[in-house]
Amino acid sequence: MRPPPPIRRLTPDDIAASAPSLACLLLDAVADGASVGFLADLAAPRAEAYWRGIAAATDGRVVLAADDAQGIAGVVLVLPYATEIQPHRAEIAKLIVHRRARRKGIATALLQAAEDSARGMGRTVLSLFTRAGSEGEPLYRARGWTRVGVIVADSLRPDGTLCDGAIYTKRLR
Ligand SMILES: CC(C)(COP(=O)(O)OP(=O)(O)OC[C@H]1O[C@@H](n2cnc3c(N)ncnc32)[C@H](O)[C@@H]1OP(=O)(O)O)[C@@H](O)C(=O)NCCC(=O)NCCS
């Protein structure tokens, strides 16, 4: 069995300093047709600006990353809900592993670390959103996430075609 890759939490300064490397993850995922929030015309300056915005956020979000010899190879966000009636809720988002580093257990380790981080913040009811049929779905199911439904024609893929969105949830003990 392969050992899980080490996962580290990025500080706001880390995120800002690593914006080009993190932008590469977004650009690679978009080039691969993945639904990560952007259309195919995404360019490096906008992708970097996205991460600088994350670095500047003050809502308690957690950014976790895995490295390989070429830099940051994978990332995931933990977004605590801000409402006073959902102090126990968090969203997992932007689970992305660069194509050069896939099928080595990096997303599995990132998701585990994201769940641990959420639990550490007292966030025990998690949700996430993914494209129906995405490569993430087998991973979420294998890790005990429940697919609660599908929104038909939810969003555009990078090439502009419509796709359905799948909603997942997991309750942490
Ligand atoms: C989904 C994604 C994060 C998986 O990253 P990864 O590091 O390759 O995943 P892992 O190596 O941890 O894979 C764990 C398991 O998930 C499943 N899985 C991962 N990629 C898969 C694929 N392309 N097809 C089918 N199953 C897949 C497998 O069961 C895999 O276990 P195995 O390799 O022992 O068979 C990566 O493909 C990615 O970044 N895709 C683009 C962005 C995206 O779709 N993110 C998820 C939704 S927001």
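To convert, take the position in the sequence shown, counting from 1, and add 10; that gives the numbering used here. Every residue gets a Cβ at the ideal spot worked out from N, C-alpha and C, and that includes glycine. Predicted model only: the values in this text are computed from it and were never measured.
request  = Give a single yes or no on whether K180 has its beta carbon closer than 8 Å to a heavy atom of ligand 1.
outcome  = Not under cutoff, so the answer is no.
query = Under three-state DSSP, which class holds R153?
reply = The answer is coil: DSSP assigns R153 none of H, G, I, E or B.
inquiry  = Measuring only from the beta carbon, is A119 closer than 8 Å to any heavy atom that is part of ligand 1?
reply    = Yes, ligand 1 has a heavy atom inside 8 Å of this Cβ.
ask   = Near W61, which residues of its chain fall below 7 Å by C-beta distance, leaving aside the five closest residues on each side in sequence?
value = Excluding residues up to 5 positions away in sequence, I25, A29, L32 and A33 lie with their Cβ nearer than 7 Å to the Cβ of W61 in the same chain.
message = Let me check understanding here. Comparing Cα to Cα, which of R181, R167, S127 and V107 lies closest to R141?
response = Of the candidates R181, R167, S127 and V107, the one whose C-alpha sits nearest the C-alpha of R141 is R167.
query = Can you tell me whether P204 is buried or exposed, with buried defined as 16 or more other CB within 10 angstroms of its CB?
reply = The chain is shown only over 11 to 183; residue 204 falls outside these bounds and no answer can be derived.
ask   = Any contact of the stretch 34–43 with the stretch 106–114, i.e. 3+ C-beta pairs under 8 Å?
value = Taking a cut-off of 8 Å for Cβ pairs, the stretch 34–43 and the stretch 106–114 touch, as three or more such pairs fall below it.
task = Please state whether DSSP places R19 in a helix, a strand or coil.
result = Reduced to three states, the DSSP call for R19 is strand.
inquiry  = Just verifying my parser: in three-state terms, what is the DSSP assignment at E125?
reply    = If DSSP states are grouped into helix, strand and coil, E125 belongs with the helices.
inquiry  = Does the stretch 48–55 come into contact with the stretch 148–157, if we say contact requires no fewer than three beta-carbon pairs (one atom in each stretch) closer than 8 Å?
reply    = Contact between the stretch 48–55 and the stretch 148–157 is absent: fewer than three C-beta pairs spanning the two stretches fall below 8 Å.
inquiry  = Please determine whether the Cβ atom of T140 lies at a distance below 8 Å from any heavy atom of ligand 1.
reply    = Yes.
key: Terminal residues of the alpha helix (DSSP H) in which Y3 lies   = Nothing about residue 3 can be reported from this structure: the residues present for the chain run from 11 to 183 only.
key: Start-to-end residues for the alpha helix (DSSP H) that takes in G63   = In the DSSP assignment, G63 falls within the unbroken alpha helix (DSSP H) covering A54 to A66.
message = Could you check if V46 belongs to the surroundings of ligand 1, using beta carbon to heavy atom distance under 8 Å?
response = For V46, the Cβ falls inside the 8 Å cut-off from some heavy atom of ligand 1.
key: Identity of the residue in I64, L182 and R18 nearest V135 by Cα   = When I64, L182 and R18 are compared, the shortest CA-CA separation from V135 is found for L182.
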